[in-house]
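**Q** Okay, here's the structure, questions in a sec.
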Amino acid sequence: MRFHRGLSNCPKMTSDSVDPYIFTSDTLPSDPRFMPPLANGLLGWRVFDSVMHMGGVYNGEGGTCHRGNIPCPLAVQMSEFKTLSLSLSLSLSVCQVFSLIPWSHLILRPLRFCTLLVKEVLLKHSQTSAEPITIQLESSFKPLRDDIVFQNPDYKGGSFYIIYIFLPFFYYQGLKFAWESAVTGRDVCPEDIYAEQELHINGDVVLAFQQYFYLTQDLEMFREGRSSEVVWGVADYWVSRVTWDPTNQQYHINGVIPLDEYYTSLSTTRPTLQFAVELSGLLAHTAPPAWQDVADKIKIPFDPELKYHLEFDGYTQGNRVKQADVVLLGYPLAMSMTPEVRRNDLEAYEAVTDPLGPAMTWGMFALGWLELGEAERAQKLLESADGSGCVNFLTGTGGFLQAVLFGYTGFREHLAFAPLLPQEADALRVKGVSYLGNRMDWMVKRGEVSVSVRKPAEESGSQEPSALESVRFPRQPGQIRKVNSGSYGWPV
Numbered sequence: 001m002r003f004h005r006g007l008s009n010c011p012k013m014t015s016d017s018v019d020p021y022i023f024t025s026d027t028l029p030s031d032p033r034f035m036p037p038l039a040n041g042l043l044g045w046r047v048f049d050s051v052m053h054m055g056g057v058y059n060g061e062g063g064t065c066h067r068g069n070i071p072c073p074l075a076v077q078m079s080e081f082k083t084l085s086l087s088l089s090l091s092l093s094v095c096q097v098f099s100l101i102p103w104s105h106l107i108l109r110p111l112r113f114c115t116l117l118v119k120e121v122l123l124k125h126s127q128t129s130a131e132p133i134t135i136q137l138e139s140s141f142k143p144l145r146d147d148i149v150f151q152n153p154d155y156k157g158g159s160f161y162i163i164y165i166f167l168p169f170f171y172y173q174g175l176k177f178a179w180e181s182a183v184t185g186r187d188v189c190p191e192d193i194y195a196e197q198e199l200h201i202n203g204d205v206v207l208a209f210q211q212y213f214y215l216t217q218d219l220e221m222f223r224e225g226r227s228s229e230v231v232w233g234v235a236d237y238w239v240s241r242v243t244w245d246p247t248n249q250q251y252h253i254n255g256v257i258p259l260d261e262y263y264t265s266l267s268t269t270r271p272t273l274q275f276a277v278e279l280s281g282l283l284a285h286t287a288p289p290a291w292q293d294v295a296d297k298i299k300i301p302f303d304p305e306l307k308y309h310l311e312f313d314g315y316t317q318g319n320r321v322k323q324a325d326v327v328l329l330g331y332p333l334a335m336s337m338t339p340e341v342r343r344n345d346l347e348a349y350e351a352v353t354d355p356l357g358p359a360m361t362w363g364m365f366a367l368g369w370l371e372l373g374e375a376e377r378a379q380k381l382l383e384s385a386d387g388s389g390c391v392n393f394l395t396g397t398g399g400f401l402q403a404v405l406f407g408y409t410g411f412r413e414h415l416a417f418a419p420l421l422p423q424e425a426d427a428l429r430v431k432g433v434s435y436l437g438n439r440m441d442w443m444v445k446r447g448e449v450s451v452s453v454r455k456p457a458e459e460s461g462s463q464e465p466s467a468l469e470s471v472r473f474p475r476q477p478g479q480i481r482k483v484n485s486g487s488y489g490w491p492v
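So, in structure tokens, the structure goes:
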């Protein structure tokens with residue numbers, strides 16, 4: 001993450017005219033919780049905080065522990081600040097003018113040495129002078145923390161930490177992604193039950209591969225880039241993890257924690273096996289018959305009388321849940337169901353979801369209501385945040401962004417769409433949508449949708465992309481398609 005300092009007195013965040021990923025403000029946040037994080041897979045730090053954290057390092061073990069607070073020597077800053085800008089990159093830099101001397105403070109994660117965080121202060125004295133330059137720095141670094149124990153009084157060198165590092169091992173076939181990992185990929189969660197039972201990271205990763213393929217049709221990444229080995233390895237893991245129920249003729253995955261972490265050791269999950277079968281056919285790979293068999297016969301708990309999906313076998317309607325779980329069947333898993341069932345799922349779980357649960361939950365509920373055309377109900381959920389709790393929560397941010405990008409546009413796999421606007425908005429613009437090698441700009445208004453598409457250079461016969469082609473049509477659900485002739489199919 002990179003910061004730049006300017007001299008503007010504008011109190012609001014503004015975007016850079018050249019780089020849209022840079023945002024500038026004239027003040028630092030008054031609440032330190034709003035300072036941005038900088039992490040590299042091993043070390044994590046909130047800018048100018050006095051402590052940092054390290055993957056797998058805790059102050060104890062079990063559910064009552066927390067990530068160990070390690071004194072951070074990077075917590076050094078000038079005594080006075082002017083402006084702030086944020087860039088979505090791998091470094092953070094603070095630039096300002098102090099006593100008419102431009103200077104920058106760069107904190108970065110080197111790509112070649114990904115376990116390091118590096119700090120650099122650069123002064124640029126534009127006038128020749130023999131007078132020394134004195135810069136006053138303020139540091140909040142303190143070598144002692146409650147989570148650190150200093151031992152061995154005979155040791156005369158530097159201090160060292162007593163820490164807890166957790167590396168559980170499992171013995172199933174295929175590939176399993178860690179629930180919490182550092183740069184090694186091994187699980188470093190302080191409680192074994194989460195590492196053993198919270199398995200949905202496997203499905204998350206495969207779903208990301210699946211969505212990438214549907215938007216790009218890029219088979220080379222799976223063939224030459226060997227991404228297929230990841231998808232197939234996860235499929236092997238699911239097959240080795242299931243248990244066959246001969247009575248109901250269904251597969252179960254027992255001993256798991258759902259997304260709703262209030263429950264453990266259950267029989268429930270929705271493994272992503274179908275894409276492994278599909279990818280095998282595209283790459284002329286013979287898929288093990290067990291992949292399709294498990295995909296067809298895995299149990300998805302459902303109440304046929306109340307017409308809603310159960311979170312797990314034995315769930316009683318009305319029991320408190322922590323966060324969005326069943327509602328993710330509709331998005332992002334795109335499981336086929338009737339609008340009635342979709343509505344029943346949303347109503348059943350919204351009413352019993354813990355209001356203090358993680359913030360990404362309400363984005364997913366809002367997205368579900370937008371699917372059903374209820375913009376006002378979705379809007380209330382998006383406005384429910386009160387600024388308390390972990391405000392710099394990237395997963396919560398992701399939930400909100402998805403609710404806006406995929407909720408109000410209705411974008412889904414193969415670029416289906418169903419645009420909807422809230423009452424307070426006259427238009428929604430989405431720029432740079434990438435689909436099958438093309439870039440599109442969308443404008444959604446009350447009565448119509450306009451889409452501008454730019455053909456890639458290789459199709460336009462020149463070194464530069466061709467001019468934009470635009471089309472307008474009434475605001476209604478549809479799908480963007482590219483037909484074999486090279487022309488473009490628009491919604492009908």
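Mapping to the UniProt record's numbering: the sequence shown position 90 is 90, numbers consecutive. Ideal placement from N, C-alpha and C gives every residue a C-beta, glycine not left out.
(1) Does DSSP classify M35 as helix, strand or coil?
(2) Between which two residues does the alpha helix (DSSP H) carrying H414 extend?
(3) What is the DSSP secondary structure of D245, counted as helix, strand or coil?
(4) Helix, strand or coil: how does DSSP classify T353 here?
(5) Using 8 Å for Cβ pairs, my map puts A276 next to A287. What's the rounded Cβ distance?
(6) So, G368 versus L346, is the Cβ gap smaller than 7 Å?
(7) Taking three-plus beta-carbon pairs below 8 Å as touching, is the stretch 353-363 in contact with the stretch 321-329?
(8) Here's the rule I'm using: 16 or more other beta-carbon atoms within 10 Å means buried, otherwise exposed. How should Q323 be labelled?
(9) Check whether the stretch 472-481 touches the stretch 431-450, counting contact only when three or more Cβ pairs, one atom from each stretch, lie closer than 8 Å.
(10) So if DSSP puts F473 in a beta bridge, which residue, or which two residues, is it bridged to?
(11) Going straight from the alpha carbon of Y214 to that of E413, what length do you get?
(12) Can you list, in chain order, the residues of its chain whose CB lies under 7 Å from that of A75, leaving out five sequence neighbours each side?
(13) Can you tell me which of the three DSSP states residue 504 falls into?
(14) So H309 packs on I300, CB below 8 Å; how close in whole Å?
(15) DSSP on D325, reduced to helix/strand/coil?
(16) When you compare only the Cα positions, how much space is there between G398 and I201?
(17) May I have the straight-line CA-CA distance separating T395 from N40, to the nearest angstrom?
(18) Is DSSP giving S113 helix, strand or coil here?
(19) Are the stretch 440-451 and the stretch 231-240 touching, with three or more C-beta to C-beta distances below 8 Å?
(20) For a test of the three-state rule: what should DSSP assign to M52, helix, strand or coil?
(21) Hey, is the stretch 419-432 in contact with the stretch 203-214, meaning 3+ C-beta pairs nearer than 8 Å?
(22) Please check the pair Q197 and T247, which I expect to be a contact at CB under 8 Å, by giving their CB distance rounded to whole angstroms.
**A** So, to answer that:
(1) Three-state DSSP puts M35 in coil, outside helix and strand.
(2) It is not in any alpha helix (DSSP H) - H414 carries neither H nor E in the DSSP assignment.
(3) In the structure shown, D245 adopts extended strand secondary structure according to DSSP, grouped into three states.
(4) DSSP places T353 in strand when its eight states are reduced to three.
(5) Right, their Cβ atoms sit about 7 Å apart.
(6) Cβ distance < 7 Å, so G368 and L346 count as in contact.
(7) When Cβ pairs closer than 8 Å are counted between the two stretches, the stretch 353-363 is seen to touch the stretch 321-329, the count reaching three or more.
(8) Q323 is buried by the Cβ-count criterion.
(9) Using a Cβ-Cβ distance cut-off of 8 Å, the stretch 472-481 and the stretch 431-450 are in contact, since at least three pairs of beta carbons, one from each stretch, lie closer than that value.
(10) DSSP lists V449 as partners of F473.
(11) Going by the C-alpha atoms only, they are around 6 Å apart.
(12) Within the same chain, A75 has close Cβ partners F48, D49, S50, S139, S140, F141.
(13) This structure leaves residue 504 out entirely; the chain is present only between 1 and 492.
(14) That pair is a contact at about 7 Å.
(15) In the three-state scheme derived from DSSP, where H, G and I count as helix and E and B as strand, D325 is classed as coil.
(16) Rounded to whole angstroms, the separation of the alpha carbons of I201 and G398 is 16 Å.
(17) Roughly 17 Å separates the two Cα atoms.
(18) In the sequence as displayed, the identity of residue 113 is Phe instead of Ser. In the structure shown, F113 sits in coil (DSSP, three-state: anything other than H, G, I, E or B).
(19) Taking 8 Å as the limit for Cβ pairs, the verdict is that the stretch 231-240 does not touch the stretch 440-451.
(20) In the displayed model, M52 falls within a strand according to three-state DSSP.
(21) Contact fails: fewer than three Cβ-Cβ distances are below 8 Å.
(22) Contact between Q197 and T247 does not hold, since the beta-carbon distance rounds to 24 Å and is not under 8 Å.
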